[in-house]
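Numbering (our numbering), first residue to last: 1168 to 1446.
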């Protein structure tokens, strides 16, 4: 499994890096929308929506919301990111609520219409703000804005790998045994350390000054911790649904949502922290 995960990562990583660094923001966001909506399609399965027509309608509604946000941000003076920024802040607030949900395992666990509606709303609140945050970072005025997206995603990738290997080699104390039995506190620490090392190095690549590194380090820790909440939240949904992976599209990694879970929570957190700390 480790070998399969590594091979899949070696194939996906160069493609993702090329898209981040080379594509103009409108094309990059269109590609990101396809990926995010693919993850949302898998989310519908976790929310107990099995009818393909219902899924298609829900997917179209979320796509329409993304298009409406972009359309409403246009003006004669150019494109304004204010609306996307507000949605990103709402995303941070949502993930704080999701953290409370993690402490109440049985909430919305029954496969009824009430639980389904809550989980569908949670899907929109998870994916749309993350997409807005991605656009905010990638389309910023900073000439290195594309590279900052690489930083935001790179810290999640590094934290995920660091947590995986630290957990396998050192893990003893369970982090959330009822939600995700394999996650450990040692893995969490390893993930934070790996995210910090990778993020600080990538920040220099993005043009950060040495004086900015302490603030960037705080933003990285903030984003990594949020990514853990996103990871655990998807694990909670999978526990409710009785499945191991959200899908089987990516060898060794499960579905698209299995690769996006931490990213969805980390992107709004990093974008807001980047704005607050001014780097």
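Even for Gly, the Cβ is constructed at its ideal location relative to N, Cα and C.
- If you drop the 5 nearest sequence neighbours on each side, which residues of the same chain put their C-beta closer than 8 angstroms to that of residue 1340? For residue 1340, same chain residues with a beta-carbon under 8 angstroms away, outside a window of 5 residues either side, are 1351, 1352 and 1353 in chain order.
- Message: Given this structure, state the Cα-to-Cα distance separating residue 1361 from residue 1328, to the nearest angstrom.
- Response: For residue 1361 and residue 1328, the gap between their C-alpha atoms comes out near 8 angstroms.
- Task: Could you tell me if residue 1255 is buried or exposed, where buried requires 16 or more neighbouring beta carbons within 10 angstroms of its beta carbon?
- Result: So residue 1255 counts as buried.
- Do residue 1297 and residue 1434 have their C-beta atoms closer together than 8 angstroms? In contact: residue 1297 and residue 1434 (Cβ atoms closer than 8 angstroms).
- Item | Any beta strand (DSSP E) of 3 or more consecutive residues that is wholly inside the stretch 1335 to 1384 | Within the stretch 1335 to 1384, the complete beta strand (DSSP E) runs of at least 3 residues are 1341 to 1343 and 1347 to 1351.
- Item | Separation of residue 1401 from residue 1213, as counted between CA atoms | In this model, residue 1213 and residue 1401 are separated by some 9 angstroms (Cα to Cα).
- Query: Going by the beta-carbon positions, is the gap between residue 1389 and residue 1436 smaller than 8 angstroms?
  - Reply: Contact check for residue 1389 against residue 1436 passes: the beta carbons are separated by less than 8 angstroms.
- Message: So, at 7 angstroms on beta carbons, what are the nonlocal neighbours of residue 1283 in its own chain, with the 5 sequence-adjacent residues on each side left out?
- Response: For residue 1283, same chain residues with a beta-carbon under 7 angstroms away, outside a window of 5 residues either side, are 1214, 1215 and 1216 in chain order.
- CB of residue 1363 within 8 angstroms of CB of residue 1290, strictly: The answer is no: Cβ separation not under 8 angstroms.
- Cut-off 8 angstroms between Cβ atoms - residues of its own chain near residue 1405, not counting five sequence neighbours on either side: Sequence-distant Cβ neighbours of residue 1405 in its own chain, meaning closer than 8 angstroms and more than five residues away, are 1213, 1411, 1412 and 1413.
- Message: For residue 1280 and residue 1287, I'd like the C-alpha separation in whole angstroms.
- Response: Cα-Cα distance, rounded: 10 angstroms.
- Query: Of the residues 1295, 1274 and 1294, which one's Cα is nearest the Cα of residue 1285?
  - Reply: When the alpha-carbon of residue 1285 is set against those of 1295, 1274 and 1294, the nearest one is in 1274.
- Query: Is there at least one non-hydrogen atom of the ligand ADP closer than 7 angstroms to the beta-carbon of residue 1191?
  - Reply: Among the ligands in the structure shown, none appear at all, so the ligand ADP cannot be discussed.
- Message: Which of the three DSSP states is assigned to residue 1271 in this structure?
- Response: When secondary structure is reduced to three states using DSSP, residue 1271 falls in the coil class, being assigned neither helix nor strand.
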